[in-house]
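Worksheet for the structure shown next.
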Amino acid sequence: AQKVTQAQTEISVVEKEDVTLDCVYETRDTTYYLFWYKQPPSGELVFLIRRNSFDEQNEISGRYSWNFQKSTSSFNFTITASQVVDSAVYFCALVPSGGYQKVTFGTGTKLQVIP
Amino acid sequence: SAVISQKPSRDICQRGTSLTIQCQVDSQVTMMFWYRQQPGQSLTLIATANQGSEATYESGFVIDKFPISRPNLTFSTLTVSNMSPEDSSIYLCSVGDRGRDTGELFFGEGSRLTVL
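Line by line, the protein sequences give chains A and B. Under our numbering, the first residue of the first sequence is numbered 1, with each subsequent residue one higher. Under our numbering, the first residue of the second sequence is numbered 116, with each subsequent residue one higher.
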């Protein structure tokens, strides 16, 4: 069985602070994919990043960065210099090699950025 | 990337009625999925919508309650039948962009249903 844990239910930061959202996963598959999605109050899910299990390179995109560490089964997401528009629920998800039907979402972390 | 449109974006429904949600994609996709997100919860896969055949349902979801159509590679509908307040959720359509290969997984903007 696979599992995705986002232990932080809610986080509040003051604008311009950096914040890291944690994601820890469990899987028996050797090939799998990890995703992060943003869900603003309007409800849609916005794709942020996809990373496969063979690629442990960290990635930076503007104010966003991701740290994938296979040794600790973690795929953490950092927002630098947070802004009010970053306020949303963020979901981490795991898709094994068996395909999308086996996708597992974490329970989400609600981020509130206070002006 | 795929652009996915869902209708309606939100609705308020009476107990016992049924509502059909439409999902339109701007390109042909092999795989389309329907998810439910209950208030304050994560996403749960309802079913995979298969083109030309019956949908494949996940444990806990049945065709009588959530009938799905997939007439072509760009369109699908999900019906929530005989609704009760417990069906109040966001229903999301999603598509994969590379057949059975696990590429990017995109979501529509969701349909927020409230059942009174």
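C-beta: ideal position from N, C-alpha, C; glycine also. Only a predicted model underlies this, so the values are computations on that prediction, with no experimental measurement involved.
* Over the uninterrupted beta strand (DSSP E) stretch that includes A:T72, give me the two end residues. => Taking the first sequence and counting its residues from 1, one reaches residue 72 of chain A at position 72. First-last for A:T72: undefined, no H or E at that position.
* By Cβ distance below 8 Å, which residues in the same chain neighbour B:R215 in space, the five residues on each side in sequence not counted? -> The residue labelled residue 215 of chain B in the question sits at position 100 within the second sequence. Reliability fails at B:R215, whose pLDDT of 48 lies under 50, so the model's placement of it is uncertain and the value that follows must be treated cautiously. Same-chain partners within the cutoff: T145, M146.
* Helix, strand or coil for B:E201, going by three-state DSSP, please let me know. => Counting from 1 along the second sequence, the entry for residue 201 of chain B is found at position 86. Looking at B:E201 - three-state DSSP - the assignment turns out to be helix.
* Let me know if B:I161 comes out buried or exposed under the rule of 16 or more other beta-carbons within 10 Å of its beta-carbon. => To locate residue 161 of chain B, count along the second sequence from 1; it is residue 46. With 16 or more Cβ atoms within 10 Å of its Cβ, B:I161 is classed as buried.
* Closer than 9 Å at the beta carbon, the chain A residues around B:G225 -> Counting from one through the second sequence, the residue named residue 225 of chain B turns up at place 110. In chain order: Q39, S42, G43, E44, L45.
* Asked: Using the beta-carbon of each residue, which ones in chain A are nearer than 7 Å to B:I205?
  -> Position 90 of the second sequence, counted from the first residue, corresponds to residue 205 of chain B. By Cβ distance, chain A contributes G43.
* Could you name the residues of the same chain whose beta carbon sits closer than 6 Å to that of A:K3, not counting the 5 residues immediately before and after it, in chain order? => Working through the first sequence from its first residue, we reach residue 3 of chain A at position 3. E26.
* To do: Note down, in chain order, all residues in the region 133-158 of chain B with a beta-carbon under 7 Å from any beta-carbon belonging to chain A.
  => For the region 133-158 of chain B, residues whose beta-carbon sits nearer than 7 Å to a beta-carbon of chain A comprise M146, F148, S157, L158.
* Give a yes or no on whether the minimum CB-CB distance between A:T107 and chain B is below 8 Å. => In the first sequence, the residue the question calls residue 107 of chain A occupies position 107. Yes, its Cβ sits closer than 8 Å to a Cβ of chain B.
* Integer-rounded CB distance, given that B:T192 should sit under 8 Å from B:I127 -> The count along the second sequence starts at 1 and reaches residue 127 of chain B at position 12. The count along the second sequence starts at 1 and reaches residue 192 of chain B at position 77. Contact doesn't hold; Cβ gap of about 20 Å is too wide.
* Asked: Do you know offhand how far A:E44's Cα is from A:K38's?
  -> In the first sequence, counting from the first residue as 1, residue 44 of chain A sits at position 44. In the first sequence, counting from the first residue as 1, residue 38 of chain A sits at position 38. A:E44 and A:K38: Cα-Cα distance of roughly 8 Å.
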